[in-house]
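When we follow our numbering, the leftmost residue of the sequence shown carries the number 363, and every step to the right adds one. Have a look at the structure below, then the notes.
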Amino acid sequence: MNIAQVENNLQNLIKNFSKDTFIFDLLLAYGLPKASITRLQNGNLNLSKIQGVVSWKKKVLFKPIENDDLHVAITKCKEETKQEQRFIIVTDFKTLLAVDTKTNDTLDIELEVLPNHFDFFLPWAGMEKATHKNENPADVKAAEKMAKLFDEIKKDNPDNSPEFIHGLNVFLSRLLFCFFAEDTNIFKKGQFTNAISSHTQTDGSDLSNYLDKLFDVLNTHDRNRKDLPAYLNEFPYVNGGLFEHKHKTPSFTRRSRQAVIDAGELDWSAINPDIFGSMIQAVITPEHRGGLGMHYTSVPNIMKVIEPLFLNELNEEFESGKYEPKRLNKLLERLGKIKIFDPACGSGNFLIIAYKELRFLEIKILVQLQELQKAATGFEPYQLELIPKAQLTLAAQYQPTLFSRIELAQFFGIELDDFAHEIAILSLWLAQHQMNQKFKEVLGESTPTLPLQAGGNIVHGNATRVDWEKVCPKKENDEIYILGNPPYVGFKMQNLEQKKDMELILSKVPDFKSLDYISCWFYKAATFINGNYIKAAFVTTNSICQGTQVSTLWPSIFNLKIEIFFCYASFQWSNNAKSNAGVACTIIGIRKISLADKFIYDKFIKKKASNINAYLIDYPNIVVNKSKHALSELPKISDGSGALDGGNLILSDNEKNELLNLYPNANFLIRRLFGSEEFINDVNRWCLWIEDGDYEFAKTIPPINERIENVRNARINGGTRGQNCINTPYKFAWINQPKERLIIIPTVSSERREYIPIGYLNNDVIISNSASIIHDPEMYIFSVITSRIHNNWVKTVAGKLENRIRYTSAVCYNTYPFPKISEAQKQELTQCAFRILEERENHSEKTLAQLYDPEKMPQGLREAHRLNDLAVERCYRSKPFETDEERLEYLFKLYEQMIAEEKQKGTLFQEEKKAKKTKKIK
């Protein structure tokens, strides 16, 4: 059952509400078998013997409540449930409380708004909810503290030289290590922060000298230390290169010294080492960060990558083999061989979280093996010496040696920025220390902490130039997962070096220069994958799955026998860095073509797919190529008219009024000008529109003549196109004006809107080249283009400007598959078009932006569009479409048919042409 059906069923349930049958109607609304519901209602499927209570094993425990507190009641139900029910529901039929026992999600709502929360019970309909770990509040607080500390230090040290900034970065990384060390038993508890408080002046004047001495001590082995005061000598030898090189320590004041102490007073033991990514964003200058394409990824976003890439499958293997020692030991062995590779690793965020999650799983396996051993032998793990000799073999079967099989040598990375590369190594070591401590806490043993050892195989270099196989060697049957968040950089923003990178990697891809920089990583990953045990997944802007980038990039990847095996619908980027990035992203996982499951994650839903194409929808791998003419029998479309005037032919409201106050007889030379912005938001803008016969008169009006001359001068310096129209400076450089009427389609429109707010206008207005126009259309064309099904097509194949739809004729309009229709159908669509325009007129005081706000759309206009949608969709088939997925599937099939017919026509035309030529020669 699809989502639209569920939502509709719930609305009907509330309309026809019955206390007696509520729970059964609710279960039926999610498509559960009627026969089972009948048995639950009248037969033996209900395990409860209490009147009104329904208990269905693994499905639901439902309890109606009359006088008790609902929250108390649901708590009791949770404690008493024994049948592994997925959902527990209590209600007094005014309020409904529910718990998802698998995800621990809760619902507390007024019963009448249940349809708005249809997603909560979707597992009944076979659609599992996608869950992700939330941000650690301690991480956010630490990022803020470090950002504040940096700001305070920068106030005291205004030096912006690259050398000082690099030294400051190293200094902050050393502080982070010390904060971490004093809270995780590397140093004594509070040793670093207390030493600063006790041994430096409150005005901060001597803090710099103190830290220089301390960092030198941390780099000196115990045997080489001489004549040190006790408070310094108590600090252990660290090594690992972190304190090896001398850098100028910044100066401090009272405020900046206090900021150091404040940061140290946080509990750093609870903080993920990936917080270093936040620190880097807090300290690197914006242009530096943008130039490197560096983005810090938050833990929830990292989990969105690593869970479907490999972690879910490993956890499922653990759950399914939970009671089989051989399978658990085999899984342990597997964990010790997996390779994780991030070829744009930044400060190591993805590698750190992947490492920690694998270690957590390893601990779970070892604990489970101990539990199995205890159950089989009757002895605790620490009682091995008491186990009879006859049972030792049995015990050994369950209990492997207690050490971690997962080593930092299994983790590989490439990073362009030298400092981030160093931080990644340090961060991995700190993650290892954290997990060793966790290992000891749970299992009683751990490996030594100091001195530091180099961690991970992190290479400093350009990932597009470095040979990935030299960084992460692969052998036959190696299990390798490539992941990360490579730099995006649109094709217009690439510097010379990045353009060279693109040419190096993508030279075999036609028109590669129009691709985003991140395409290098997808293509290089696709060529790296050569077996069933190598997969890749990257966070990316959604632009590579939109517009012309789809037909440019993805056929070359699919030709390598690669498929998309999971993806996320577009989501807003969010992280805990100081400046939160605001980018529309997706996540795409690729692998060799396989029969294994594929999934599309869309907000709260995880949907199984038969195939995921480059538009990230469940459909075969078809790409929509831009076209110079309409595939369907639709009228001509073009961009609007282009002024190329240096702004001199365009008038604001004030400029137009001033001109007409002085020269009212010039009124016929001025026309209303619409672009996308002006049309959607009803902004008054005007232009001089001077026909050839009116030029001499226009020159007699001084302000207009001055503007004309300014246009002439602008075009002289305006390149070839400008110089070609120097002799007509009173006119737009190119004119696309219909004879009688037009449809205006905004080039850019919000993705939130259910409909693109297009217009049907007479030709007494001028449309600028920031909008598209359909020339002299019949009225029914308005109905077709403003329909939901057309908008579905546009949202799928169009490019995007940030989160907004970018409507282009070559991709959105000319490729749109629309069947031939009868005159009667055209008449019906025409009436629908008039109805929509009439409803708009009923709210003439509102702009189109206001009318088409999805949350504020007037009911009459919404109904007019609904009726129009039904009429347009009847042109495709008599049965109504139930979901947007159905609409798109139908459109893509029709597109394939029409393209095939086009090719056949082209072939026949060429054959006829050839036959005529042959006949002429004879």
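The beta-carbon is built from N, C-alpha and C at its ideal position, and this holds for glycine as well.
In terms of residues, what are the limits of the beta strand (DSSP E) holding Trp-418?
416-418
Along the chain, where does the beta strand (DSSP E) that runs through Tyr-963 open and close?
960-964
Whose CA, out of Asp-779, Ile-558 and Thr-1148, lies closest to the CA of Leu-576?
Ile-558
What does the alpha-carbon distance come out to for the pair Gly-710 and Ala-931?
25 Å
Roughly how many whole angstroms lie between the Cα atoms of Phe-384 and Leu-1256?
42 Å
Euclidean distance between Cα positions of Leu-372 and Asp-481
11 Å
Would you give the residue range spanned by the alpha helix (DSSP H) that His-561 belongs to?
553-561
With distances taken between CB atoms, is the gap from Leu-697 to Ala-625 smaller than 7 Å?
no
Just how far apart, CA to CA, sit Thr-1209 and Val-1045?
9 Å
Met-797: which of Thr-809, Ile-787, His-1137 and Val-368 sits nearest, CA to CA?
Thr-809
Evaluate Asp-779 with the Cβ neighbour count: other Cβ atoms within 10 Å of its Cβ, from every protein chain shown; 16 or more gives buried, anything less gives exposed.
buried
Do the CB positions of Trp-1155 and Tyr-1178 come within less than 7 Å of each other?
yes
If I'm right that Pro-1181 touches Arg-1115 with Cβ under 8 Å, what's the distance once you round it to whole angstroms?
About 25 Å; that fails the 8 Å criterion.
For Lys-970, the residue or residues it bridges with in DSSP:
Phe-961
Grab me the residues of Tyr-1175's own chain with a C-beta within less than 6 Å of its C-beta, minus the 5 sequence neighbours each way, in chain order.
Ile-999
By the three-class DSSP mapping on this structure, what secondary structure does Arg-1197 have?
helix
Report the rounded CA-to-CA distance for Arg-587 versus Leu-594, giving the unit in angstroms.
10 Å
Return yes when the Cβ of Cys-1049 is within less than 7 Å of the Cβ of Leu-1011, no when it is not.
yes
Simplified DSSP state of Gln-856, which is helix, strand or coil:
coil
For the alpha helix (DSSP H) containing Leu-1229, list its first residue and its last residue.
1221-1236
Judging by CA-CA distance, which residue of Thr-546, Ser-1003 and Glu-859 is the nearest neighbour of Arg-827?
Glu-859
Which residues in the same chain as Asp-1015 place their Cβ atom closer than 7 Å to its Cβ, once the five residues preceding and following it in sequence are excluded?
Asn-1046
Cβ-based burial, Val-729 [other Cβ within 10 Å; buried from 16]:
exposed
Stretch-stretch touch, CB-based, cutoff 8 Å, three pairs: the segment 615-623 with the segment 510-524
yes
Count the other CB atoms, across all protein chains shown, that sit within 10 Å of the CB of Val-416; report buried if there are 16 or more and exposed otherwise.
buried
Answer yes or no: do Val-461 and Leu-432 have a C-beta to C-beta separation smaller than 7 Å?
no
State the Cα-Cα distance for the pair Asn-975 and Leu-792, rounded to the nearest angstrom.
40 Å
Taking Phe-927 as the reference, which of Leu-957, Ile-1129, Cys-540 and Phe-765 has the closest Cα?
Leu-957
Unbroken alpha helix (DSSP H) runs of length 4 or more, entirely within the segment 402-486: which are they?
432-442
Any idea if Glu-678 is buried or exposed, counting beta-carbon neighbours within 10 angstroms, 16 or more meaning buried?
exposed
Is it true that the CB of Gly-775 sits closer than 7 Å to the CB of Leu-713?
yes
What is the rounded straight-line gap between the Cα of Ile-1118 and the Cα of Leu-845?
37 Å
Would you verify that the beta carbon of Pro-635 is, or is not, closer than 7 Å to some beta carbon of chain B?
The structure shown contains no chain B; it holds only a single protein chain.
Skipping 5 residues on each side, what residues in its chain have a beta carbon closer than 8 Å to that of Arg-1166?
Val-1110, Ser-1111, Ser-1112 and Glu-1113
Rounded to whole angstroms, what's the CA-CA distance from Glu-1251 to Glu-1258? Just pull it up for me.
11 Å
DSSP-derived helix/strand/coil call for Tyr-1175:
helix
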